[in-house]
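Colleague: Chains A and B are the protein sequences, given in the same order. Reminder that position 14 of the first sequence reads as 14 in this note's numbering, one-by-one numbering, no gaps. When you read off a place in the second sequence, starting at 1, and then add 113, the result is the number in this note's numbering.
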Amino acid sequence: DAMVIQNPRYQVTQFGKPVTLSCSQTLNHNVMYWYQQKSSQAPKLLFHYYDKDFNNEADTPDNFQSRRPNTSFCFLDIRSPGLGDAAMYLCATSTLDGTEKLFFGSGTQLSVL
Amino acid sequence: QKEVEQDPGPLSVPEGAIVSLNCTYSNSAFQYFMWYRQYSRKGPELLMYTYSSGNKEDGRFTAQVDKSSKYISLFIRDSQPSDSATYLCAMSGDSGYSTLTFGKGTMLLVSP
Chain A
1 DAMVIQNPRY QVTQFGKPVT LSCSQTLNHN VMYWYQQKSS QAPKLLFHYY
51 DKDFNNEADT PDNFQSRRPN TSFCFLDIRS PGLGDAAMYL CATSTLDGTE
101 KLFFGSGTQL SVL
Chain B
114 QKEVEQDPGP LSVPEGAIVS LNCTYSNSAF QYFMWYRQYS RKGPELLMYT
164 YSSGNKEDGR FTAQVDKSSK YISLFIRDSQ PSDSATYLCA MSGDSGYSTL
214 TFGKGTMLLV SP
C-alpha cells in the first residue's frame, strides 16, 4: 500500500543533543510537510516543500531545520532540543490536485530529557 | 477570535448513540473542509472531505458544511467503541498548497 512512513515511532533525546527525524513516502506526492503537535493541540505547520522548494513558516524557530534530498524522503533536524520541543512530529504529503487533502504518517513522539 | 473553534471534549457516549461533532470558523475564504480521525499516539487519517457547502455521506459518517453560518459538522451513526478517537476538523482556502487550518480536536469516547 502507498503510504507515508515515519521513523522512529518514539525518540528520546537529551536536552541540547541534536536529533533527526525521518519521513519517507511511496505516494509520489510533490508536497511534503512537517507538523508539530503537542498534547490536546492542533497540528502546527513548521515547513513544507514543493518538490525542492522550501517554505518556512514565519514562526518556526531557527532551531528547526529540514532537508528533502529527493521526492521520497524528508528529514527534520532539531539542532538543540529544549524541553518545550517535546511533542509529536507529523510528516504529511499532498499532491497539487486542487483537493487540499493531506496524508499523514504515524508520527514520531519526541521526548527530551 | 481563533480561526477555527472546536470543543475539546471529551464527549462520552454509549455504543449505538448518534454523535455530533462541530467546528466554527471565521475565515469566509475557506472552501475545503475535512475531518480527520486521530487515534492515540498515531497520525491523523482523512475521514471525510467536502468542497464548499453541502452534505456528504460515507457509511455511518455524514459531513455537513454551512458556509453561510461558518459551521461544519460530523455526524456518526450507530457509534462503536472503535470510533473512540480525537476528531480534528481542518479547512483551507484556495492557496495552492494544502496549508490547512486545524481545530484542536474533540476527543470522543464510546463505551460498550
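Note that beta-carbon positions come from the ideal geometry of N, C-alpha and C, so glycine has one too.
Per DSSP, what kind of secondary structure is Gly-167/B in: helix, strand or coil?
Modeller: Gly-167/B falls in the strand class under three-state DSSP.
Colleague: Just to confirm the assignment, what range does the beta strand (DSSP E) spanning Leu-221/B have?
Modeller: Start and end: 219-224.
Colleague: Name the residues in the stretch 22-55 of chain A whose C-beta lies less than 8 Å from a C-beta of chain B; which are they?
Modeller: Val-31, Tyr-33, Ser-40, Gln-41, Ala-42, Pro-43, Leu-45, His-48, Tyr-50, Asn-55
Colleague: What three-state label does DSSP hand Leu-83/A in the structure shown?
Modeller: Reduced to three states, the DSSP call for Leu-83/A is helix.
Colleague: Could one say the Cβ of Leu-110/A lies closer than 7 Å to chain B's Cβ atoms, at least one of them?
Modeller: no
Colleague: In chain A, which residues lie with their C-beta within 7 Å of the C-beta of Phe-215/B?
Modeller: Ala-42, Pro-43
Colleague: Quick check on Pro-127/B: does DSSP put it in helix, strand or coil?
Modeller: strand
Colleague: Anything in chain B within Cβ reach of Thr-99/A, meaning under 8 Å, just list it in chain order.
Modeller: Tyr-145, Tyr-162, Tyr-164
Colleague: If we ignore side chains and look at the alpha-carbon of each, how far apart do Ala-198/B and Thr-71/A end up?
Modeller: 32 Å
Colleague: Can you give the beta carbon distance from Phe-143/B to Gly-206/B, rounded, assuming they're within the 8 Å contact cut?
Modeller: 6 Å
Colleague: When we look at the beta-carbon of Phe-15/A and count the other beta-carbons within 10 Å, is it buried (16 or more) or exposed?
Modeller: Exposed.
Colleague: At a Cβ cut of 9 Å, what residues of the stretch 166-179 of chain B count as close to chain A, listed as they run along the chain?
Modeller: none
Colleague: Where do the N-terminal and C-terminal ends of the beta strand (DSSP E) with Met-32/A fall, by residue?
Modeller: 31-37
Colleague: Does Leu-159/B come within less than 7 Å of chain A when only Cβ atoms are used?
Modeller: yes
Colleague: Would you decide whether Glu-100/A is buried or exposed? Buried here means 16 or more other CB atoms lie within 10 Å of its CB.
Modeller: buried
Colleague: For Asn-63/A, collect the residues of the same chain with a Cβ closer than 8 Å to its Cβ; drop the 5 residues on either side in sequence, then sort them by chain order.
Modeller: Ile-78, Arg-79, Ser-80, Pro-81, Gly-82, Asp-85
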